[in-house]
Amino acid sequence: MLFLFIGASTALAQLNMTLSSQVEYNADLNDVWGWANETDDREYALVGVRNGLSIIDVTDPENPEDKGFIPGPSSTWRDIKTWKNYAFCVNDNTDSGPSQGILVVDLSNLPDTITDEDYYYWMPTFERNGQMETITRCHNIYIDEFGFAYLAGCDANGGGLIYVDVEDGENPIISGVGASVYSHDVYTRDNKAYSAEINIGRLSVYDVTDKEDTKLLGLTRTPFFFTHNVWLSDDGNYAFTTDEQPNAFIGSYDVSDPTDIIELDRYRPLATEGTGVIPHNVHVWEDWIIISYYSDGCIILDAKRPHNLIEVGNFDTFIGAGGGFDGIWGAYPFLPSGIVLGTDIGNGLFVFEANYVRGCYLEGTVVDSISKEPIAQANVRILGGDLNRESTSLTGEYATGQATPGTFDVEYSRFGYATKVIPTELINGELKIQNVELRPDRNTFSLNGNVVLKRDGSPVQNATVELFNDNFEYFLETDENGKAIRGSVFEGTYTVVAGQWGLKAGTTTVDVTSNNTTFTIELETGFRDEFALDLGWTEFSDSRTGIWVRDEPIGTLDADENFLVNPEEDLPGDIGNQCYMTGNLGGGQGTDDVDSGTTSLTSPPMDLSSYNSPVVSFRSWLVNIGGRFEPNDTLFVTALNGQTEVNIAKISTSESLWKPATQVMLADFIDITDNMQIRFSISDANSLNTGANIAEAAIDEFEVFDANPTSVSELAVSNISMEALPNPFDNNVQIRYELKAASRNAVLRLFNPLGQQLQSRVLDDLQGFVELGENLTNGVYFIRIDLDDQSSKMIKIVKQ
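Convert by adding 48 to the 1-based position in the sequence shown; the result is the number in this note's numbering.
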C-alpha cells in the first residue's frame, strides 16, 4: 500500500467541522471504525480498503501514522468492529478468489507495526436444519455490550443474522442464528437487534436474549423501502435509518415500544434535493447523528428532539456532480478525543474536528385567525438563515430550526391567507414555541353539514367527511348528532364526500357563499368502497416496492411506451378519483412495481352473518410483463372469517385495462360469520432472479352485497318445492316446481348476482316446469318464486 499524509489548516472548515488531515491511498476505500487503547490512550483508525485493512494512528489528528496493512481478498465491501483489543473485519462479494472468511486482528501490540503474527482468518462451519453451512463472507458486523457479534448478510442462513460469542477473541464461537431474512446491517443493544432488511425495505426489531430462539418484536417500513442501516439513540427510545437510494431520507422513529414503531421525522439536505444524492450510514453520539452521505460528504444532525432533525454540521470531501456512489462511505465519531474519521471512496481517510452544537429549535402551530382551526400545509421558512423548509401537519403543527443563532425573520404562508413575517430570536439548544394565526385574504364562511341514514334519517356518528376543490381540502368527522361543522371555509364550490365502513359513501356539491351553508348526505347501509375516503383498509407487505397505496393513479408506461403498466386514472364514474394500487411513484416501468416479496391489502371486518347469499364484487387491474423469465405473477383474493382463510379468486391475465367486475359467492368457499374480511395479495414470483418481471395491480369499486336478501315474509319450505335440472347446465335448464297452496300471483323470477331481475314467468299451474337459459351468457344466476306477498328462498344455477 502507498499512503500520502496531508496536513490541513482550519481554513478548510465548513459548517462546524474542520479538516485536520487527510491520508490518500492508491486503492478505493470503504468503511471505517476506530479503536482506543485504554493502556496508553492512543487512538487508531481501522480503514477498510478494497484489498485489505489499513491501521492508522490518529492520536495526533494532524499527523497520522501508518501502523500496518493487512492484505485480504479484493472486495468493494468491508466492515469492521472491535471487542476489547480485537478487531473483526468482514468482506462481501469478492472480485476474485476465495473470500477467506472473517479477519480477526489482535491490536494489543500497537503502537508497534502490525505483523503477520497479529491476525488470522476465521471461516466457521455450523449446522442449521440438519445441514452444514460455512461462512466465507459477510456484508456487515456489529458487536454488542455483552461480547456477542452479529453477522449480517452472510453466505449462510440465507443472509439472516448469525450470532457469535467473541468474548475470547482467539476462539470465537457461533451461538445461534436468527430468521433467514437477509439483513444488510444490524445494531444491537439490551438484547434487541435492530435489523436493516434492505431487500424488503423494513426495519425489524428482534428479541435475541435466547440466541437459539429469536423472536420478532415489531417492524416498520422506511421511506424509500431500501433500509440500508440503523442506529439507536443513547437512551434507546429512538432509531434512525438510511435508505441507500437517490434522494432518500434519514428516518427517525420512536421504538420505545417495538411492537408499535412510530415514524417521527424525515431529513434530507435541501441544498442538493432532487440531484440524486444518496445517504449511506448513520451513527449516533450523544443525540447527534453523524451521517456518511456519499457525494454530500459528512453531515451532522442534532437529534435531541427526534421529531425535529436539524443539520448542525457538514464537510463535503467530494468535488464533482452530486449523486451516485462517490464521496464519504463511512464516518466514525466515537473516539474519546471526539475527532471524526471519514473514509472517502476515492480520496482517502479524512480526520475531522467537529464542533457539536445544538440546533435552535422553532416549533408551534399555525391556525386560522377567525375559526382558530388548524391550517395544514402552511409553509414555514427562516429567512436569511440556514437553508430550511417546513410545512404544517394536518393538525397545524410544525417543527424546524437551524444551527446558526440570532434574530431572523420567519415567514408563514399558505394559499388563501395573508403571509405573516415575524422577527424571531433563535438560540442554540433552546426551544422557541411560536404559535401563529394567519388571516384569510378572501371570504370565509361557516359550514354546517349533516350525515344521516337514508332509511330513517337517523344521524351517522363518526362518519368521515371530505370537502375539496382545486385549491382547498378539508377533513371533518361527524359528531354524535351526525353534524360536520367547520367555522371557516373559503368561499367556493366544493365536492363533498361522506362515508363510513358499513355504509355506502355518498356525495354532493355545495356552494359556500354565506355563513351556515348547509348540506345533507344520505348514506345507505352496505359494504361498498370506491376508495374516495380512507375507511380503514390495512396494508402489510414484505415486498421492497410496489406497496399497496390509496391514491390518484399516476400512469406508468411500458419500456416501449406502448401501453400503461400502472393505470393513469381510477374507474370513470365512481366517487372520487382514487383507487388502491401497488405503488404510485410514476416514472419508467418497474419504478414502483412489486419487487422482492408479497404486498397485501386487507379490508376492515364485516358482519355478514345476516346475509343469505353474500357476493364479493370488485374491479381489478393486472399487468405482468417483461423479465428474462415467463411472467407468472397472480393477484390472489382471500376470504377470512376469523377462524380460517381461503383463496376465493385469482386474477392472472395481464391486460392494460380495468377488467369487468369479478363476483364471487362467498358461501361457496367459506363459512359466513360476523367477522369477515377480504384480502388482495400479489407477489413477484421471480424476485430472486435477475430477470424479475414487472408486476402492477390495482382494485376499485369493492362491494359485498346479498344476492338473496330476506323479504318481509319468507315462504316456508313446506309450501313449495323447486329444483333445477341439470345444474350446472350448458344450454338450457328446467326449473321444476310444485306449489302446495293455490295463488293468483305466482311468479318465477331470474336474477343476476347483482340482484337485477333478468326474466320473469307467471306460474298458472300448481306444478310444472319452466325452461330457461338459452339466451343467458355463462355465469351464476338465481331463481326465486314469489307468491302474493311471500318469497321463496333462492336457488343458484350455473351456466357453463
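Note that CB positions come from ideal geometry on N, CA and C, so glycine has one too.
Predicted model, so just to flag it, every value in this text is computed and none were measured.
Proximity of residue i and residue j at Cβ, strictly below 9 Å
i: Leu605; j: Phe363; result: no
i: Gly407; j: Arg353; result: yes
i: Phe750; j: Ile726; result: yes
i: Thr472; j: Phe456; result: yes
i: Ile348; j: Gly361; result: yes
i: Gly433; j: Gln450; result: yes
i: Leu209; j: Gly226; result: yes
i: Ser704; j: Asp681; result: no
i: Arg176; j: Ala204; result: yes
i: Gly890; j: Phe117; result: Because the chain spans 49 through 848 in this model, residue 890 falls outside it and cannot be assessed.
i: Asn285; j: Val303; result: yes
i: Gln782; j: Leu773; result: yes
i: Glu91; j: Ile309; result: no
i: Asn689; j: Asn723; result: yes
i: Pro620; j: Gly603; result: no
i: Ser729; j: Thr646; result: yes
i: Ser228; j: Glu260; result: no
i: Asp127; j: Asn139; result: yes
Integer-rounded CB distance, given that residue j should sit under 8 Å from residue i
i: Ile191; j: Val214; result: 6 Å
i: Ala546; j: Val499; result: 5 Å
i: Asn741; j: Asp748; result: About 23 Å; that fails the 8 Å criterion.
i: Thr526; j: Ala532; result: 5 Å
i: Ile337; j: Phe288; result: 6 Å
i: Gly464; j: Asp489; result: 7 Å
Per-residue DSSP class, three states only, for residue i
i: Asp655; result: coil
i: Thr568; result: strand
i: Ile246; result: helix
i: Gly207; result: helix
i: Asn427; result: strand
i: Leu101; result: strand
i: Thr320; result: helix
i: Leu524; result: strand
i: Asp166; result: helix
i: Asp681; result: coil
i: Thr329; result: Going by the sequence as given, residue 329 is Asn instead of Thr. Asn329 falls in the strand class under three-state DSSP.
i: Asn517; result: coil
i: Asp160; result: coil
i: Ala715; result: helix
i: Asp344; result: coil
i: Ser179; result: Inspection of the sequence shows that residue 179 is occupied by Gln rather than by Ser. Correct three-state label for Gln179: strand.
i: Arg314; result: strand
i: Tyr446; result: strand
i: Glu193; result: coil
i: Asp504; result: coil
i: Lys847; result: strand
i: Pro620; result: coil
i: Ile475; result: coil
i: Leu435; result: coil
i: Met171; result: coil
i: Val405; result: coil
i: Glu215; result: coil
i: Gly550; result: coil
i: Pro708; result: coil
Per-residue burial, residue i [other beta carbons within 10 Å of its own, 16 or more giving buried]
i: Asp416; result: buried
i: Asp291; result: buried
i: Lys115; result: buried
i: Gln70; result: buried
i: Leu736; result: A caution first: Leu736 carries a pLDDT of 48, below 50, which makes its placement in the model unreliable, though a value can still be read off. Looking at its Cβ environment, which holds fewer than 16 other Cβ atoms inside 10 Å, Leu736 is exposed.
i: Gly322; result: exposed
i: Tyr829; result: buried
i: Pro327; result: buried
i: Ile475; result: exposed
i: Ile481; result: exposed
i: Asp590; result: buried
i: Lys847; result: buried
- Message: At 3 residues or longer, what runs of the beta strand (DSSP E) sit wholly inside the region 571-617?
- Response: As far as the region 571-617 is concerned, its whole beta strand (DSSP E) runs of at least 3 residues are 575-577, 586-589, 596-599 and 612-614.
- In chain order, each beta strand (DSSP E) run of at least 3 residues that lies wholly inside the region 233-304: 233-237, 240-245, 250-255, 263-269, 275-280, 286-291 and 298-302
- Could you pull out every unbroken beta strand (DSSP E) segment of at least 3 residues lying fully inside the region 357-396, listed in chain order? 358-363, 376-380 and 388-392
- Item | Segments assigned beta strand (DSSP E), at least 3 residues, entirely inside the region 762-829 | 768-773, 781-787, 794-799, 805-810 and 815-820
- What are the uninterrupted segments assigned as beta strand (DSSP E) that are 3 or more residues long and contained completely in the region 62-111, given in chain order? 65-73, 77-85, 90-97 and 100-105
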